[in-house]
Amino acid sequence: MPELPEVEVAARNLRRWTAGKRIRAVRPRPPGSAALVGARFREVRRVGKNLLVTLERRGASVGVWSHLGMTGKWLRRAAGQPAPRFSRVSVALDDGTHLHFADMRRFGRFRVVAGARFEGLPALRALGPDPLSDGVDAAALHARLARLRLPVKLALLDQRLLAGVGNIQASEALHRARLDPRRPARSLSRAEVGKLARGVLASIRFTLARFAASGADRDDGEITYVEERRSANPFLVYGRGGTPCPRRDGGTITRIVQAGRSTFFCPVCQR
DNA sequence: ACCCGTGTTCGCTG
DNA sequence: TCAGCGAACACGGG
Numbered sequence: 560m561p562e563l564p565e566v567e568v569a570a571r572n573l574r575r576w577t578a579g580k581r582i583r584a585v586r587p588r589p590p591g592s593a594a595l596v597g598a599r600f601r602e603v604r605r606v607g608k609n610l611l612v613t614l615e616r617r618g619a620s621v622g623v624w625s626h627l628g629m630t631g632k633w634l635r636r637a638a639g640q641p642a643p644r645f646s647r648v649s650v651a652l653d654d655g656t657h658l659h660f661a662d663m664r665r666f667g668r669f670r671v672v673a674g675a676r677f678e679g680l681p682a683l684r685a686l687g688p689d690p691l692s693d694g695v696d697a698a699a700l701h702a703r704l705a706r707l708r709l710p711v712k713l714a715l716l717d718q719r720l721l722a723g724v725g726n727i728q729a730s731e732a733l734h735r736a737r738l739d740p741r742r743p744a745r746s747l748s749r750a751e752v753g754k755l756a757r758g759v760l761a762s763i764r765f766t767l768a769r770f771a772a773s774g775a776d777r778d779d780g781e782i783t784y785v786e787e788r789r790s791a792n793p794f795l796v797y798g799r800g801g802t803p804c805p806r807r808d809g810g811t812i813t814r815i816v817q818a819g820r821s822t823f824f825c826p827v828c829q830r
């Protein structure tokens, strides 16, 4: 499920669930998790698709880095409720609730970070600006894209350019910017990158608003659109192959494969 | 049965 | 050294 909007929902949920709470137990026992027992939550940050949780115990900081991978989620269960399917880590809080890191496909990450020194994590070092927190600097983005020959859709997936844009948001942003996903990144003019920068931000904000409006920000943490039908698909073009372009320009949303990943676009308005 | 996949990393090639 | 590509990871869902 997780690109920036889903991870942002997860971060908001975790803030609400953990504020002022203390950890009672962690099961099973991931390396370093002994340092978490008895620790009190201080901060939940999201950087791109990464969740950074800071806790404190007897004046010492300890952190948890969590990445949702393809299928990871953070869920909450009331005292006495069974663990959700695919729960990999269970965190018992002092209010009796359990937070579960569930991850069917196991591409996700849950790692204890001694001293909450997240800056030491290689996965975080090279991340580009986070669109939601930092905005999108079109001039800087243009400078980066100008050096790349690869299709702009694939360039957008590089977390060193923008942190948090994934396969869905890349398709959505390019449609908003009216840009053909196959264009070499370096072929985009400064003005086109300006449109792309606005498209990225608009798409992320739109998706986040859709989640909030649909009750994705629920008490147990479930975001359900994955299981929903096409009619409930919250995206403008992703997953809508064969349907008319929402611009009603006569184009049909087309699915192509780039570097093994699906891309959806309208051949009429995206040039 | 068969194909698909919202992410990241690693090894190979030119 | 580096851009770019394809495979690998892992496993249930449609």
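Quick note, the first sequence lines up with residues 560 to 830 if you use the numbering used here.
Backbone N, C-alpha and C define an ideal beta-carbon position, used for all residues, glycine too.
{"Item": "Let me know if E678 comes out buried or exposed under the rule of 16 or more other beta-carbons within 10 Å of its beta-carbon.", "Value": "exposed"}
{"Item": "Within a Cβ cutoff of 6 Å, which residues of the same chain sit near R806, ignoring the five residues on either side of it in sequence?", "Value": "C828"}
{"Item": "If we call anything under 7 Å between Cβ atoms a contact, is F660 one with F666?", "Value": "no"}
{"Item": "Taking 7 Å as the limit between beta carbons, can you name the residues of its chain near R601, skipping five residues before and five after?", "Value": "T613, L614, E615"}
{"Item": "What is the rounded straight-line gap between the Cα of R703 and the Cα of A697?", "Value": "10 Å"}
{"Item": "When you compare each of A598, R684, L683 to V650 by their alpha carbons, which one comes out closest?", "Value": "A598"}
{"Item": "Please name the residue in R684, D717, G655, A722 whose C-alpha comes closest to that of L691.", "Value": "A722"}
{"Item": "Please report the Cβ distance between F823 and G801, rounded to the nearest whole angstrom; I am assuming they are in contact, meaning their Cβ atoms lie under 8 Å.", "Value": "In fact, because the Cβ distance is near 10 Å, the residues do not count as touching under 8 Å."}
{"Item": "Using the Cβ count rule (16 or more neighbours within 10 Å means buried), how would you classify S625?", "Value": "buried"}
{"Item": "Considering just the uninterrupted stretch of the beta strand (DSSP E) at S592, what are its terminal residues?", "Value": "From DSSP, S592 is part of no beta strand (DSSP E); its letter is neither H nor E."}
{"Item": "Where does Q817 sit, in a helix, a strand or coil, going by DSSP?", "Value": "strand"}
{"Item": "Please classify T811 as buried or exposed, where buried requires at least 16 neighbouring CB atoms within 10 angstroms.", "Value": "exposed"}
{"Item": "Tell me the DSSP bridge mates of P805?", "Value": "BP columns for P805 are empty, so no partner."}
{"Item": "Kindly list the residues whose CB is nearer than 7 Å to the CB of G655, restricted to its own chain and excluding five residues on each side of it in sequence; keep chain order.", "Value": "A638"}
{"Item": "Between L573, V695, D739, which lies nearest to I815 when the distance is taken from Cα to Cα?", "Value": "D739"}
{"Item": "Quick check: the Cα distance between P507 and C825, rounded to an integer number of angstroms?", "Value": "No information on residue 507 is available, as it lies outside the stretch 560 to 830 that the chain covers here."}
{"Item": "Is the CB-CB distance between A714 and A744 below 7 Å?", "Value": "yes"}
{"Item": "Measure the alpha-carbon distance for A761 versus R735 and round it to whole angstroms.", "Value": "8 Å"}
{"Item": "Relative to the C-alpha of D693, which candidate in F770, A756, R820 has its C-alpha closest?", "Value": "A756"}
{"Item": "Drop a sphere of 10 angstroms on the beta-carbon of D653, count the other beta-carbons inside from all chains shown, and report buried for 16 or more, exposed for fewer.", "Value": "exposed"}
{"Item": "Report the rounded CA-to-CA distance for L627 versus Q718, giving the unit in angstroms.", "Value": "15 Å"}
{"Item": "Let me confirm a value: S748 is counted as buried when at least 16 other C-beta atoms fall within 10 Å, else exposed. Which label applies?", "Value": "exposed"}
{"Item": "Quick check on D662: does DSSP put it in helix, strand or coil?", "Value": "strand"}
{"Item": "Can you name the start and end residues of the alpha helix (DSSP H) that R703 belongs to?", "Value": "697-704"}
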